[in-house]
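As structure tokens, the structure follows; a few thoughts come after it.
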Amino acid sequence: LDYNSADVWANQNYFKLNEEKKPKVVSGVPPDAFSDTGQLWGHPIYNWNELKKHDYKWWINRIDHCLNLYDFLRIDHFRGLVAYWEVPAGEDTAINGRWVEGPAEDLFPLLADKFEDFPFIAEDLGEITENVIEMRDRFGFPGMQVLIFGFGDDFPNNPHLPHNFSENNLACTGTHDTNTIRGWFENEASLEEKDRLRRYLGKEVSSDEVSRDFMRLAMMSVSKLVSTPMQDVLCLGEKARMNRPAEKEGNWKWRLNPEQISPELENKIRKMTHTYGRA
């Protein structure tokens, strides 16, 4: 949550703030494949000890409200509920942070009791440790398999390739943090990655068709859930990318226009979902 949000203003005791009501520590992640200096998100850190005193009711009420609007909730940065990276306020990067134990052990049983159908998806990407995997599997959270990550040097053993998927997962072409599939193919994929993709599909790959190819791979997998960003449904390139991690400008500006959804497109997607038993 943003420091200037109504949520923080109205619930200051639920965040790690100093006597001047400013953040003591802020959120982020350590250096990873996206950034050598990590990502400094800058949000105030939850005061989990205080939330626990009230049985996490504030958090659970927020989730309950969201589920009045949506069928599923993806828990972004799932590993942050097991352990999170907190950075002293005022730092320029996320390098000088530390790992702190999160509330998962106490919070997840409460979620399981409150929401019997457990309509959650764990965004289990990034630096995932054994304790994160254990917690995800113990409570039955579906994880995420992201096809755009599948064609690197660890091919064909990469867990993001369909033949390595497990059923209790959400298969997706990409995420808000990745390029579009077409953008990746045209601007980021190496010759080696393109060759692996060609061998995996057993055919030549073109910019015009690569997004559809990825959608088919996701839909034909054993994953019980499939999600495709609209940019990939529309076969759009890099200009339609939603977010670039660690960059402050130009993100979250892409918008879907009603005229982009044509009867022809609807028919193509309908046939694809029917072919792979997703309809």
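Under the numbering used here, the first residue of the sequence shown carries the number 17, and numbering increases by one thereafter.
Note that beta-carbon positions come from the ideal geometry of N, C-alpha and C, so glycine has one too.
Closest in C-alpha terms to Asn112, from the list Thr53, Leu33 and Ile79, comes Thr53.
Of the other Cβ atoms in all chains shown, fewer than 16 fall within 10 Å of the Cβ of Trp268; this residue is therefore exposed. Shortest Cα-Cα distance from Asp193 to any of Val98, Arg114, Glu263 and Glu143 involves Glu263.
Arg90 and Trp75 have their C-alpha atoms some 15 angstroms from each other. The alpha-carbon separation between Val162 and Thr191 amounts to approximately 7 angstroms. Per DSSP, Cys82 lies in no beta strand (DSSP E) segment; the continuous alpha helix (DSSP H) that holds it begins and ends at Lys73 to Cys82. For Lys32, same chain residues with a beta-carbon under 6 angstroms away, outside a window of 5 residues either side, are Lys40, Val41, Ile61 and Asn63 in chain order. Closest option to Asn195, judged by alpha-carbon separation, among Phe124, Leu252, Leu233 and Asp48: Leu252. In this structure, the CA atom of Glu265 is about 11 angstroms from the CA atom of Met258. In the three-state reduction of the DSSP assignment, Met258 falls in the coil class, being assigned neither a helical nor a strand state.
Counting only residues of its own chain and dropping the five nearest sequence neighbours on each side, Trp270 has a CB closer than 6 angstroms to the CB of Ala256 and Met258. In the DSSP assignment, Ala187 falls within the unbroken beta strand (DSSP E) covering Asn185 to Cys188. When C-beta atoms of the stretch 131-147 are compared with those of the stretch 95-106, three or more pairs fall below 8 angstroms, so the two segments count as touching.
Rounded to the nearest angstrom, the gap between the Cα atoms of Ser278 and Val221 is 24 angstroms. Residues of the same chain with a CB within less than 7 angstroms of the CB of Met231, apart from the 5 flanking positions on each side, are Thr189, Thr244, Asp248 and Met288 in chain order. Ser51 and Pro261 have their alpha carbons spaced roughly 8 angstroms apart.
Bridge pairing for Met288: absent [DSSP].
The straight-line gap separating the alpha-carbon atoms of Asn29 and Phe124 is approximately 22 angstroms. In this chain, the beta strand (DSSP E) harbouring Arg114 covers Arg114 to Glu117.
If you draw a straight line from the Cα of Arg95 to the Cα of Lys68, it comes to about 18 angstroms. Within the stretch 155-225, the runs of beta strand (DSSP E) at least 3 residues long that lie entirely inside it are, in chain order, 159-162 and 185-188.
Proximity to Val226 across Ser182, Asp48, Arg214 and Glu275 peaks at Arg214, based on C-alpha coordinates. The secondary-structure analysis by DSSP pairs Ala110 with nothing; it has no beta-bridge partner. Straight through space, the alpha carbons of Arg154 and Ala120 are spaced by roughly 11 angstroms. Residue state for Pro104 is assigned as strand, using DSSP reduced to three classes. For a cut-off of 8 angstroms, the C-beta gap from Ile137 to Met160 is around 7 angstroms, short enough to register as a contact. Your pair Leu56 and Thr109 checks out as a contact, with CB atoms roughly 6 angstroms apart and the cut at 8 angstroms.
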